[in-house]
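Note that the sequence shown ends on residue 285 in the working numbering; no numbers are left out.
For glycine and all other residues, C-beta sits at the position ideal for the given N, C-alpha and C.
Worksheet for the structure shown next.
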Amino acid sequence: MALHPPHPWGIIGHEEVLGLLPRLGASTLLFSGPEGVGRRLVARWYAVGLNRGFPPPPLADHPDLLEIGPKERGLRGQAEVRLEEVEPLFDWFAAHPRERVKVALLDSAHLLTEAAANALLKLLEEPPSYARIVLIAPSRDTLLPTLASRALEVAFGPVPEARLRALTEDPRLLAYATGAPGRLLKALADPQAFSERWAKAEAALSGPPLARLALLEELLGEEEGFHLLRALLGHRPEALLALERAREALERYVSPDLVLARLALDLGV
């Protein structure tokens, strides 16, 4: 396996994307891909690069970068990106950049409310010449068509497991990461918490129905729980399919009680 020197920004993989971004002139970009794969880190790299040149020096923050989005993420009760979170963009973009370009990073753009999306659309239609907007979303299909049509998509795929093996050889962690360096690094930062959640996920798949339901409710209150269960179900295709169906239903705000009760039964088969 070819060795890759550590990236100054801590970015793992995505070399093709890093090579492409400096050549793009679009005012609005959509960074699509799975959670934890590195889209936000690359967006910050891109913002600093537009102002300081590529490759940019590592910086903790930059005055011409503004990040907005929901305050929490999860499968149940997902936060929305509301109008009051989008409105400050207009005043912020009204002032010229301190350096070259102002970059707004809008996280979880697929969670925009209708009012927030309509307000953002006005900005996308007539952005200032010095403005760049980066939308973060799982895919183009998850955005409102009016927003997606005004953004150039930059797709982020999972990082090959061979690259992640530079961080760990633990098969549990690698199965849990599924190509997402951010997810892996978070687990490595607190191995005890990861082991405890892993044990909880194992119990959720082996216990009696009522105990399984209680553990599923706890696990699927956050994104990490889904990935733990998926790692453990890799050898059970039908159970994996049931888990994916439950995830989609929860994201559509179908009644959590009904969804999790059905999942608890399906996982016990």
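Per the C-alpha coordinates, the member of L40, G41 and A59 positioned closest to G49 is A59. Pairwise C-beta distances place the segment 25-37 in contact with the segment 156-175, as three or more of them are shorter than 8 angstroms. Each residue's CA atom was taken as its position, placing L281 and E185 some 34 angstroms apart. With contact defined as three or more Cβ pairs closer than 8 angstroms, the segment 216-224 and the segment 34-54 are not in contact. Under the three-state reduction of DSSP, S145 is assigned to coil, being neither helix nor strand. In the assembly as shown, P73 is an exposed residue. Its beta-carbon has fewer than 16 other beta-carbons within 10 Å.
T129 and E96 have their C-alpha atoms roughly 6 angstroms apart. Of the residues F242, H251 and A247, the one whose Cα lies closest to the Cα of L276 is F242. Under the 8 angstroms Cβ criterion, the segment 156-165 counts as touching the segment 118-134, having at least three qualifying pairs. Counted as a single uninterrupted DSSP element, the stretch harbouring V175 is not any alpha helix (DSSP H), since DSSP gives it neither H nor E.
Per DSSP, T44 is one residue of the beta strand (DSSP E) stretching across T44 to S48. Within the segment 98-167, the beta strand (DSSP E) runs of at least 3 residues that lie entirely inside it are, in chain order, 118-122 and 147-153.
Within its own chain, the residues whose Cβ lies closer than 8 angstroms to the Cβ of T194, once the five positions on either side in sequence are excluded, are P50, P174, H243, R246 and A247, listed in chain order. L266 is positioned such that its CB atom lies no closer than 9 angstroms to that of L283.
For the 9 angstroms CB-CB criterion, A132 and L180 do not form a contact.
Rounded to whole angstroms, the separation of the alpha carbons of L137 and Y62 is 22 angstroms.
Below 8 angstroms, too few C-beta pairs join the segment 222-232 and the segment 198-213 to call them touching: fewer than three. In the DSSP assignment, E31 falls outside any beta strand (DSSP E) and lies within the alpha helix (DSSP H) extending over E31 to L36. Non-local C-beta neighbours of R166 in its own chain, meaning closer than 6 angstroms and more than five positions away in sequence, comprise T44 and L140, ordered along the chain. R68 and L274 have their alpha carbons spaced roughly 52 angstroms apart. A Cβ-Cβ contact shorter than 9 angstroms links L190 with E177. Counting the other Cβ atoms within 10 Å of the Cβ of E101 gives 16 or more, which makes it buried.
With a cutoff of 9 angstroms on beta-carbon distance, L121 and L75 are scored as not near each other. DSSP, reduced to helix, strand and coil, places V53 outside both helices and strands of the structure shown, so it counts as coil. For N134, the closest C-alpha among the options L34, P79 and A164 is that of A164. Sorting E83, R188, E238 and G250 by C-alpha distance to the C-alpha of L151 places E83 at the top. By the Cβ-count criterion, A111 is exposed, with fewer than 16 other Cβ atoms from all chains shown falling within 10 Å of its own Cβ. Nearest Cα to E103 within the set R213, R114, P113 and G85: G85.
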